[in-house]
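Structure first, then comments.
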């Protein structure tokens, strides 16, 4: 009878020790998973910031190129208007000269 009680107590102690060891390894494993997740999150964040910076620079460059394109188009329109104005002024001067010659 004593052997059975000793065996039952030893079994209970063994199960408890096994349970504690399992909990220890589970916590250790969870800790490692958390560290790994934090490291992964850090690298993902760093990569995202780098990509965001690249996209930002690209968009700034695109905006500058668009500005230059619009400025060039605007200058062409202005040049065309100035040319038309010059042509009209020349025709007016020619007409004035012609009228002046006819009156003389």
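Residue numbers (the working numbering): -8 to 95.
Cβ coordinates follow ideal geometry from the N, Cα and C atoms, glycine included.
On a predicted model such as this, the values are computed, not experimentally measured, just so you know.
Residue i, DSSP secondary structure in three states
| i | result |
| --- | --- |
| residue 27 | helix |
| residue 63 | helix |
| residue 95 | coil |
Span separating the alpha-carbon of residue i from that of residue j
| i | j | result |
| --- | --- | --- |
| residue 90 | residue 83 | 10 Å |
| residue 0 | residue 8 | 12 Å |
| residue 5 | residue 23 | 27 Å |
| residue 16 | residue 28 | 18 Å |
| residue 19 | residue 11 | 12 Å |
| residue 14 | residue 52 | 56 Å |
| residue 57 | residue 48 | 14 Å |
| residue -3 | residue 3 | 10 Å |
| residue 68 | residue 37 | 47 Å |
| residue 54 | residue 31 | 34 Å |
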